[in-house]
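When you line the sequence shown up against the working numbering, it's residues 413 to 459, in that order. In what follows, a structure is listed as structure tokens, so that the remarks can point back to it.
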Amino acid sequence: MAIKTLGIDLGKRCFHVLVVDENGKVFIKQKLSRTKLIEFLSKPYWF
């Protein structure tokens with residue numbers, strides 16, 4: 413699976429993350445706090 417798009421909606425208190433694969437299917441859709449966003453982006457499967 414290859415990630416085509418990673419979208420992050422920046423809010424005051426939370427962040428919405430959307431990940432779309434090469435087929436256009438939504439792979440991940442989450443609402444995260446600032447701390448959880450940092451943990452989420454540091455995971456090795458993004459590379």
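Think of the CB as a built atom: it goes at the ideal place given N, C-alpha and C, for glycine as much as any other residue. Treat the numbers as computed from the prediction; the structure is a model and nothing was measured.
Annotation note: the region 426-458 contains the following uninterrupted beta strand (DSSP E) runs of length 3 or greater, listed N- to C-terminal: 427-433, 438-444. Taking every protein chain shown into account, the CB of residue 431 has 16 or more other CB atoms within 10 angstroms, so this residue is buried.
In the DSSP assignment, residue 423 forms no beta bridge with any residue. Listed in chain order, the non-local C-beta contacts of residue 452 below 8 angstroms within the same chain comprise 429, 442, 444, local neighbours out to five positions each way being set aside.
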